[in-house]
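This report refers to the structure that appears directly beneath it.
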Amino acid sequence: MAEKIKNNRDQFLKFSFMYFLEHILKVLGIDEEIDEIMPTEMISFKKIGKRKLFDSFLDFHVVTKSEKILIFEFKKNPLTKNDLKQAFEYYDRLHCQKKADVKLIIILLSKDGKIREYTKLDITYHPQIIKTKKINKQKPLSIIRDKLQHNKKLTEEEISLLITLPLFDIKESEADITGEICGYMKYKRHCIPENLYDKMVLAMFLNIEEYVDEEKKEKLLEMINMAEAYQGVISEIRNEGRNEGRNEERKSIITRLLKKYSVDEVADLLEMKSSEILSIIKKVD
11 MAEKIKNNRD QFLKFSFMYF LEHILKVLGI DEEIDEIMPT EMISFKKIGK
61 RKLFDSFLDF HVVTKSEKIL IFEFKKNPLT KNDLKQAFEY YDRLHCQKKA
111 DVKLIIILLS KDGKIREYTK LDITYHPQII KTKKINKQKP LSIIRDKLQH
161 NKKLTEEEIS LLITLPLFDI KESEADITGE ICGYMKYKRH CIPENLYDKM
211 VLAMFLNIEE YVDEEKKEKL LEMINMAEAY QGVISEIRNE GRNEGRNEER
261 KSIITRLLKK YSVDEVADLL EMKSSEILSI IKKVD
């Protein structure tokens, strides 16, 4: 299974990160819904190499249904002035290019560090920095465990918390809680809403990739039926834009983007051809 994923990792990561981000937004109480994850430098295992996913800034952004652009940065170590300089330059470049409402959210996976601003040309920049390791989630975890023990259905909010637990302050290690969640997905699947299961699988792929030792990854991927979810995503990738439902969704995104950008700019943003943009708009109409 792991070997098969390597062949399509860039595209597969795009889907996994999108679902992972949706859960992060819910848990952090950020009232935004993701419409599309944009092409960026980050989504490539070739660049990341042997490093873990959250070892450095990832530099990627999404368009929300409210037409905002959210930039997400993950950082494991305490922030440095150079980190914020890099973040500001990415934010500034994107803001100037897109002429849109851009917001940078730094997810800091460290309790340490006091740097929270960056100054350039006498202008002080204050990005939104969230130190997830300072947010304790032990109590809600206990509630979820109790519900699962009594075979009660989990809510969407509880599913989101389960997926993002490794980011927060809990007693268990990231690897242990990841394994525990995979166990629930296998043996307590009846407690997970069916419409959320596949998205949960895709988001959990990132936790397995990030926190679990190589020799244990394959077992966990099998526990959560990754092969089935993987085939579904690859099928969606191959058929993207071909079915009417997908075209309706794409048209909605494209229509909003065309209010601000040209056809060529939207095509570049979505990694499509200009003719494909025009075709989707025409066919759906």
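FYI, my numbering numbers position 23 of the sequence shown as 33, with every residue one higher than the one before it. The beta-carbon is built from N, C-alpha and C at its ideal position, and this holds for glycine as well. None of the values given here were measured: they were computed from a predicted structure.
Task: In DSSP terms, what residue 308 is bridged to - done: Examination of residue 308 is not possible in this model, given that the chain is present from 11 through 295 alone.
Task: In DSSP terms, what residue 118 is bridged to - done: 85, 141
- [ ] Can you tell me which of the three DSSP states residue 187 falls into?
- [x] helix
- [ ] Hey, could you find the ends of the alpha helix (DSSP H) residue 169 is sitting in?
- [x] 166-174
TODO: Give every residue of the same chain whose Cβ lies closer than 6 Å to the Cβ of residue 154, excluding the five residues on either side of it in the sequence, and list them in chain order.
DONE: 168
TODO: Can you grab the Cα-Cα spacing for the pair residue 95 / residue 111, in whole Å?
DONE: 20 Å
Task: CA-to-CA distance, residue 75 to residue 251, given in whole angstroms - done: A caution first: residue 251 carries a pLDDT of 41, below 50, which makes its placement in the model unreliable, though a value can still be read off. One C-alpha to the other measures close to 19 Å.
Open item on the list: Going by beta-carbon coordinates alone, are residue 114 and residue 83 separated by less than 8 Å?
Closed with: yes
- [ ] Could you please give me the residues that DSSP links to residue 71 through a beta bridge?
- [x] Residue 71 is bridged to 81.
Task: Counted within 10 angstroms of its Cβ, other Cβ atoms place residue 81 as buried (16 or more) or exposed - done: buried
Open item on the list: Taking only three categories from DSSP, how would you classify residue 154?
Closed with: helix
Open item on the list: On a Cα-Cα basis, can you pick out the residue from 210, 261, 152, 44 that is closest to residue 195?
Closed with: 210
Open item on the list: Assess contact between the segment 159-167 and the segment 139-149, defined as three or more Cβ pairs (one per stretch) separated by less than 8 Å. Is contact present?
Closed with: no
- [ ] Assign residue 277 to buried or exposed, taking buried as 16 or more other Cβ atoms, counted over all protein chains shown, within 10 Å of its Cβ.
- [x] Residue burial is scored here from C-beta neighbours: residue 277 has at least 16 other C-beta atoms within 10 angstroms and is therefore classed as buried.
Open item on the list: Quick check: what's the CA-CA separation for residue 283 versus residue 79?
Closed with: 22 Å
Open item on the list: Out of 161, 163, 187, which one is the CA nearest neighbour of residue 147?
Closed with: 187
TODO: Rounded to whole angstroms, what's the CA-CA distance from residue 158 to residue 291? Just pull it up for me.
DONE: 46 Å
TODO: Pick helix, strand or coil for residue 163, following the three-state DSSP scheme.
DONE: coil
- [ ] Would you identify the three-state DSSP class for residue 92, choosing helix, strand or coil?
- [x] helix
Task: Whole-angstrom C-beta distance between residue 173 and residue 25, which should lie under 8 Å - done: Contact doesn't hold; Cβ gap of about 14 Å is too wide.
- [ ] Since I believe residue 233 is in contact with residue 193 (beta carbons under 8 Å), could you give me their beta-carbon distance rounded to a whole number of angstroms?
- [x] 7 Å
Task: Helix, strand or coil at residue 45 according to DSSP, with G and I counted as helix - done: strand
Task: Of the residues 89, 101, 212, the one placed nearest residue 33, counting alpha carbons only - done: Measuring from the Cα of residue 33, the nearest candidate turns out to be 212.
TODO: Kindly identify the DSSP beta-bridge partner or partners of residue 146.
DONE: Residue 146 pairs with 179.
- [ ] Confirm, please, whether the CB-CB distance from residue 28 to residue 47 is below 8 Å.
- [x] yes
TODO: Determine the DSSP secondary structure at residue 113, reduced to helix, strand or coil.
DONE: strand
TODO: Have a look at 103, 105, 106, 118 and flag the residue whose alpha-carbon is nearest the alpha-carbon of residue 93.
DONE: 118
Open item on the list: Classify residue 197: buried if its beta carbon has 16 or more other beta carbons within 10 angstroms, exposed otherwise.
Closed with: exposed
TODO: Ignore the nearest five residues each way along the sequence and tell me which others in residue 181's own chain have a CB closer than 7 Å to its CB.
DONE: 148
Task: Nonlocal neighbours in the same chain, by C-beta distance under 6 Å from residue 58, ignoring five residues either side - done: Residue placement at residue 58 is poorly supported in this model, since its pLDDT is 47, which falls under 50; the coordinates are not used for a value here.
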